[in-house]
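If you read the protein sequences in the order shown, they are chains A and B.
Be aware that the first sequence starts at -19, since it is given in my numbering, and climbs by one per residue.
Be aware that the second sequence starts at 6, since it is given in my numbering, and climbs by one per residue.
Here is the structure we will look at, set down as structure tokens.
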Amino acid sequence: MDTHIHHLLSRAGFGPSWTELFEKKPYKKVLQEVLSHSKTFAPIEMEDLPEGSGRKFMGMSTEEKVQMLQKNRKSVNSLNLLWMREMAHSPAQLREKMAFFWHDHFACKSKIAKAALLQVNTLREHAIGNFGELLHAIAKDPSMLLFLNNQQNKKTSPNENFAREVCELFTVGRGNYTEQDVKEAARAFTGWSTLPNGSFFFRKRQHDFGKKTFLGRRGNFSGEDIIEILLEEKATARNITRKLYHFLVSHEEDPVQIESWAKGFYESGYDISTLLKTLFESDHFRTSQHVGARIKSPIEYMVGILRLLDIDPTEEKGLLFLQKALGQTLFFPPNVAGWPEGKAWIDGSSLLTRLRFPIGLGSGTSFSFQSKAAFAGNEEFLSKMEKRKGLRIQVDWDGLFTQLEKIPAENRNDWLKERILLIHSPAKHARIAPLTRENFPQAMVQLMATLEYQLC
Amino acid sequence: MKRRSFIQNSLIVSGSLWVPGFIKKHHAPIASQKKLVVIQLSGGNDGLNTWVPHGNDTYYALRPSLAVSPHEVLKLNDEMGLNPEMEALRSLFDQGYLLVFNQVGYPNAERSHFRAMDIWHTGSNADEYWQTGWLGRYLDSACQGGKKIHHVIELDDSLSLSVKGENAKALAMQNPQKLYRQVQGERVQELLSHTPSSHASLEYMYKTLTQTVESAEYVHDQLKTKRSTITYPATAFGKQLRTIAELIQAGLDTQVYYLSLSGFDTHVRQGPQQARLLKQYSEAVVAFVEDLSDQNQFEDTLILTFSEFGRRVAQNASGGTDHGKANSSWLIGKNLKQTGFFGGSPDLQSLDEGDLGFKTDFRQIYASLLENWLEVEAEAVLKREFAPLPIL
């Protein structure tokens, strides 16, 4: 695996798996596999999820509601770990990586497990398909409608929250619509609601069927019409491409390149795979200044380690606290604008935590840390939560080492370094040679508990 | 960088090589010895059962079983009183060390914990999503002027958004010894011996790590000499305030301390839960003020207490209260220009969807603290103009 392949696997997925470190394939071939492995889609499945909304919920006492919410919290936590497992170990790396991108783009908090599951599967299903279809699907997603208060959007008393975010964050972006456009769009989305069983429901009697003027067009627009009009706007293609550029290429925008890719994206009718293929095939993507240019988000950092060291996250509840301590919890973006990026992830305490995690993996000892107390919840819940969190994961170092044996002991350290780090800084410590079964975990800690490892 | 060269560098900086633009011209960067302690009550403290409007019939009508009864309330004047669990705080009020704002908020208030807390942390409007905190931006400017990241310290293992700036983020520490042990670890020391490749993100991370190590060492070394003799309540919150008092007494070059007390989300059986927390709060704060007074530090220290939102005026069916809007915030300090209740008692007649409306924008309080206490230009930090209040 050379540097360009490492770069590709870090952006089009969550970095190389242990096995991929040993593969020797040309870039073109790897890219072809990246695309083809993501063609299939299988929903994440969970059984016996608790009820969480609807009439039954409305009739409950506050205590019962608190209990129900706690049950849901547990289930959302399980779902979180299940999705992490898909991210880490699914062959459909590009699909999971893009679903993660859309989870940030269509930022939405989900407290109800059934709705969270529905949403994540919608994102995963359409992740590399057609953006228009994804947008239509997410606009009718129960979690999203609830999160953006569209239940309250009625003909007699419109609520603009949903319509505003559709324009500002999901499609054309600020500066490409007026306040009046938001008001008119909100009218078109009146009556878009959900049923207690979690499906979309159009409440006809609350819908405003009147004429609307939106982005210069006039007609008896429905919510679907508004979305189609937004897709007709080139600004939508530009906005999505720009955001994707940050996620896949660099935080430093190249406006000319973005414009060119946005044009292609628009002309393809918003085919996400076409855009991704063009992007990954380009010389621009592989320019050396883009290799290792991004700071891994906490999820990219954690999932990258799970993938590389072949760790199953589903039984490791401590990973949820690690997400929290590092500042990124799945299904829990800070607000509708999604997560910050780059330098925002790094401060003294988050950096020390990122350095300590691999040390715990290397020594097999418990890694303890404290995350912030939750705002919500009763005293009992908080006191349970406030207890020091321990995370102890046993890595199968022996199993990993077996594959490494074919590399001469003297070269193993350098060999690993070239494949695990994208950026190298001269280090003063003595390199570990020969690298043996015994000092292998220690050598890995030396590579992973570094600042260079935070880059992708 | 080793400790010695770090201290030398600090000396050069404090020798006023240059005065950054945001600091008012007539003040040298080190002139202000003033300390600000910010206490966050997480979960939405019920302000109406903290500072109790015992003279108000509406209060008793809307809270038939949850109101603090007239014979229990600690009456401060004809209108307002204190929750009986906060007995300790009463002496501070009586000495004129307290200023309470009853209706603090902002337009289009948010009822979500996270969103509301974000707004308080960043100082944004309700429809804006900012990624830096108000004290973080203050720290950004201070660091540009040569200050170190421990200019702002949060007593926790991780940082709140409020103290994260664009380029500088505050020092997080639960206690100085623990952080010191962490940064003295073999791995961290080894990394500091690396020469980072020329790479913007990498340089930023090396800078952050170096600053954290330097500040952790500095704080640890300063603290060696000072131990507080006052007895604090044996709670995590009490210990944190004790650590802050010790750091202040040690003459630490830190101007802002930030800490939180959680558990105020009282939807169910609010009475005993809030009582415990308020007692914890007031006993620790009173010990802290006593400690500072003994060391002649109280007049240079100001304490702001806030919570992300207030709670519904009416109680719910579970003996608790649900999320509301405006809330009380209060300042504790020795030389306040106004004391008692800012703008009188809360207006329970004209409610906003069953909630208190706001009369004081929280950013006016921030602006007052920035301009008249920390002595920086508030507008540069808050990104828009808010008129400071005549309180400091």
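Heads up, the beta-carbon is just placed ideally off N, CA and C, and yes, glycines get one too.
For clarity, every value in this text was computed on a predicted model and none was experimentally measured.
Contact under 7 Å by Cβ, residue i with residue j
i: P58 of chain B; j: P238 of chain B; result: no
i: D162 of chain B; j: Q187 of chain B; result: no
i: D305 of chain B; j: I235 of chain B; result: no
i: A217 of chain A; j: F245 of chain A; result: yes
i: A175 of chain B; j: L144 of chain B; result: yes
i: N130 of chain B; j: S312 of chain B; result: no
i: S138 of chain B; j: V109 of chain B; result: For the sequence presented, residue 138 of chain B should be read as Gly rather than Ser. No, the Cβ-Cβ distance between G138 of chain B and V109 of chain B is not below 7 Å.
i: H187 of chain A; j: G322 of chain A; result: no
i: V316 of chain A; j: A22 of chain A; result: no
i: H126 of chain B; j: T259 of chain B; result: no
i: R167 of chain A; j: K134 of chain A; result: no
i: S334 of chain B; j: F106 of chain B; result: yes
i: I412 of chain A; j: A423 of chain A; result: yes
i: A95 of chain A; j: G178 of chain A; result: yes
i: G342 of chain A; j: Y250 of chain A; result: no
Element boundaries [beta strand (DSSP E), containing residue i]
i: K192 of chain A; result: K192 to F194
i: Y262 of chain B; result: V261 to S267
i: F80 of chain A; result: No beta strand (DSSP E) holds F80 of chain A; the alpha helix (DSSP H) holding it covers Q73 to H85.
i: I337 of chain B; result: N332 to I337
i: V157 of chain B; result: V157 to E159
For residue i, the three-state DSSP class (helix, strand or coil)
i: F308 of chain A; result: In the sequence as displayed, the identity of residue 308 of chain A is Gln instead of Phe. If DSSP states are grouped into helix, strand and coil, Q308 of chain A belongs with coil.
i: N180 of chain B; result: coil
i: L46 of chain B; result: strand
i: Q278 of chain B; result: helix
i: N57 of chain A; result: helix
i: N110 of chain A; result: strand
i: G110 of chain B; result: strand
i: K19 of chain A; result: coil
i: G199 of chain A; result: strand
i: R185 of chain A; result: helix
i: L62 of chain A; result: helix
i: I396 of chain B; result: coil
i: P34 of chain B; result: Note on P34 of chain B: pLDDT 43, under 50, position unreliable in the model; the coordinate value appears next. Correct three-state label for P34 of chain B: coil.
i: I275 of chain A; result: strand
i: V78 of chain B; result: coil
i: K40 of chain B; result: strand
i: F265 of chain A; result: helix
i: R222 of chain A; result: helix
i: K174 of chain B; result: strand
i: G26 of chain B; result: Its pLDDT being 40, under 50, G26 of chain B is placed unreliably by the model, and the measurement read from it follows with that caveat. It is coil, neither helix nor strand.
i: S179 of chain A; result: coil
i: L371 of chain A; result: strand
Extent of the continuous alpha helix (DSSP H) to which residue i belongs
i: L(-11) of chain A; result: T(-17) to R(-9)
i: S312 of chain B; result: Note, S312 of chain B: premise wrong, no alpha helix (DSSP H); beta strand (DSSP E) at T306 to S312.
i: I124 of chain B; result: H118 to T127
i: W395 of chain A; result: R392 to I400
heavy atom of the ligand FAD below 6 Å from residue i C-beta
i: S16 of chain A; result: Absence of the ligand FAD from the depicted structure is noted, as is the absence of any ligand whatsoever, leaving it without description.
7 Å Cβ cut-off: residues of chain A touching residue i
i: F303 of chain B; result: Those do not exist, as F303 of chain B stays about 28 Å from chain A at its closest Cβ, beyond 7 Å.
Under 8 Å from the C-beta of residue i: neighbouring residues of chain B
i: S41 of chain A; result: A322 and S323
i: S405 of chain A; result: H199, T200, P201, S202 and L207
i: K323 of chain A; result: E171, N172, S206 and Y209
i: P320 of chain A; result: Q136
i: V229 of chain A; result: Simply none; closest approach about 14 Å.
Chain-ordered chain B contacts of residue i [CB-CB under 7 Å]
i: T430 of chain A; result: L196
i: A22 of chain A; result: Per Cβ cutoff of 7 Å: no residues; A22 of chain A is ~32 Å from chain B at best.
i: A305 of chain A; result: S163
i: P314 of chain A; result: F119 and D123
Chain-ordered neighbours of residue i on chain B, where CB pairs are closer than 9 Å
i: Q474 of chain A; result: One cannot answer for residue 474 of chain A here, as it falls past the ends of chain A, which runs -19 to 436.
i: P138 of chain A; result: Neighbours of P138 of chain A on chain B: none; closest Cβ ~15 Å, over 9 Å.
Cross-chain neighbours of residue i in chain A, by beta carbon under 8 Å
i: T213 of chain B; result: I326, D327, G328 and L331
Within chain A, partners of residue i - CB distance below 9 Å
i: T217 of chain B; result: D327, G328, S329, L331 and L332
i: H126 of chain B; result: Result: empty, since nearest Cβ-Cβ is about 10 Å, beyond 9 Å.
Inset, instruction - Could you tell me whether the stretch 173 to 192 of chain A touches the stretch 123 to 137 of chain A, where touching means 3 or more Cβ pairs closer than 8 Å? - result: Short answer: they touch.
Inset, instruction - Give a yes or no on contact between the stretch 324 to 339 of chain A and the stretch 207 to 226 of chain B, applying the rule of three or more CB pairs nearer than 8 Å. - result: The stretch 324 to 339 of chain A, when compared against the stretch 207 to 226 of chain B, does touch it at the 8 Å Cβ threshold.
Legend entry - Three or more C-beta pairs below 8 Å linking the stretch 4 to 16 of chain A and the stretch 39 to 51 of chain A: In the pairwise beta carbon analysis, the stretch 4 to 16 of chain A is classified as not touching the stretch 39 to 51 of chain A: fewer than three pairs are separated by under 8 Å.
Legend entry - Inter-stretch contact at 8 Å, needing at least 3 Cβ pairs: the stretch 133 to 153 of chain B / the stretch 377 to 390 of chain A: Taking one beta carbon from each stretch, the stretch 133 to 153 of chain B and the stretch 377 to 390 of chain A have fewer than 3 pairs nearer than 8 Å; the two do not touch.
Inset, instruction - Count the C-beta pairs between the stretch 70 to 88 of chain A and the stretch 49 to 60 of chain A that are closer than 8 Å, then say yes if the count reaches three, no if not. - result: Look at the beta carbons and you see the stretch 70 to 88 of chain A not touching the stretch 49 to 60 of chain A: under three pairs across the two are nearer than 8 Å.
Inset, instruction - Could you say if the stretch 354 to 369 of chain B and the stretch 323 to 339 of chain B meet the contact criterion of at least three C-beta pairs nearer than 8 Å? - result: Three or more Cβ pairs drawn from the stretch 354 to 369 of chain B and the stretch 323 to 339 of chain B lie within less than 8 Å of each other, which places the two stretches in contact.
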